[in-house]
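Student: Sharing a structure below in structure tokens format, with a few things to ask.
Number of protein chains: 2
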Amino acid sequence: MIKDNRDAVFKALGDPTRRIILDELAERSEMTLFELTTRLIMKHNLSITRQGIAKHLAVLEEAGLVQSVRRGKYRMIRFNREPLRDLLKGWLD
Amino acid sequence: MIKDNRDAVFKALGDPTRRIILDELAERSEMTLFELTTRLIMKHNLSITRQGIAKHLAVLEEAGLVQSVRRGKYRMIRFNREPLRDLLKGWLD
DNA sequence: TTGACATGCAACTAATAAGTTGCATATAAT
DNA sequence: ATTATATGCAACTTATTAGTTGCATGTCAA
Chain A
49 MIKDNRDAVF KALGDPTRRI ILDELAERSE MTLFELTTRL IMKHNLSITR
99 QGIAKHLAVL EEAGLVQSVR RGKYRMIRFN REPLRDLLKG WLD
Chain B
49 MIKDNRDAVF KALGDPTRRI ILDELAERSE MTLFELTTRL IMKHNLSITR
99 QGIAKHLAVL EEAGLVQSVR RGKYRMIRFN REPLRDLLKG WLD
């Protein structure tokens, strides 16, 4: 059974940096924290540290929007769309 | 042409009190600020002042999620679902 | 026109959240 | 083993925002 924490999901989506992270994750199946960090800084011109991004990831993971596993030296991160499925139900349709 | 301020929309949805406001507005076609205030306080047990709610409404209106007109003594408020339509496009479907 | 009612505006406080710095730990490669 | 690489953790600072108080404005009814 899946915990429905709409609150955490909406909060997570409220930050623009986190939405860019999801945009990036939406493009490839999985990515390391390091890869993601360089992409955000280089491609999106964000001025943020790796630790800053790690905190955003913690928020996204808490909301269930991101899942991650440690693979050797790397932390592999992937987008979980499930919490988004019926998010706007009750207001739309 | 409609301005697409996803940023303001996501921010607006990030607060639980504002989501309750939308829930209430979703139930009837329009409501006065006064009506809304009493509903939030009585029905939802929120401890918040009228001014606090007015500020939330300003945020929602900025995001285009709410529209309001002054009718005589009252301010009539209604839910505008339009900004929600394709909000999750790019991530879902 | 006077009083009651509904709302608007602005300054302030308090809570939350974004982002940083500094250091520790774990794995890979040489 | 030792070094470089990738990440984890915690305390701190700063920015943002929720919420309040106090007063002003506008409208309706008597």
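Top line first, the protein sequences correspond to chains A and B. All the letters of the first sequence, read from the start, carry residue numbers 49 to 141 under the numbering used here. All the letters of the second sequence, read from the start, carry residue numbers 49 to 141 under the numbering used here. C-beta atoms are modelled at their ideal positions from N, C-alpha and C, and glycine is treated no differently. A quick note: this is a predicted structure, and the numbers were derived from the prediction, not measured.
1. Using a cut-off of 9 Å between C-beta atoms, extract the partners of D134 (chain A) located in chain B.
2. Give a yes or no on whether 8 Å exceeds the smallest Cβ distance from L37 (chain B) to chain A.
3. What are the partner residues of V114 (chain A), as DSSP defines its beta bridges?
4. Have a look at the DSSP bridge pairing and note the partners of M90 (chain A).
5. Report yes if the C-beta distance between L108 (chain A) and R54 (chain A) is below 8 Å; otherwise report no.
6. Please decide whether P131 (chain A) counts as near chain B, where near means a Cβ-Cβ distance under 8 Å.
7. By the 9 Å beta-carbon criterion, what residues does the stretch 50–79 of chain A contribute toward chain B?
8. T80 (chain B) by DSSP, collapsed to three states: which one?
Tutor: Looking at the atomic coordinates:
1. In the first sequence, residue 134 (chain A) corresponds to position 86, counting from 1. Identification of chain B residues near D134 (chain A) by a Cβ-Cβ cut-off of 9 Å yields none; the smallest Cβ-Cβ distance measures about 10 Å.
2. Any question about residue 37 (chain B) goes unanswered here, given that chain B covers just 49 to 141.
3. Counted from its first residue, the first sequence places residue 114 (chain A) at position 66. V114 (chain A) is bridged to A:F127.
4. Start at 1 with the first residue of the first sequence, and residue 90 (chain A) comes out as number 42. None; M90 (chain A) has no bridge partner.
5. Locating residue 108 (chain A) in the first sequence gives position 60, where the first residue counts as 1. Locating residue 54 (chain A) in the first sequence gives position 6, where the first residue counts as 1. Not in contact: L108 (chain A) and R54 (chain A) (Cβ atoms no closer than 8 Å).
6. On the first sequence, residue 131 (chain A) is found 83 positions in, with the first residue counted as 1. No, its Cβ sits nowhere closer than 8 Å to a Cβ of chain B.
7. R54, D55, F58, K59, A60, L61, G62, D63, P64, R67, L70, D71, A74
8. Numbered from its first residue, the second sequence carries residue 80 (chain B) at position 32. Correct three-state label for T80 (chain B): strand.
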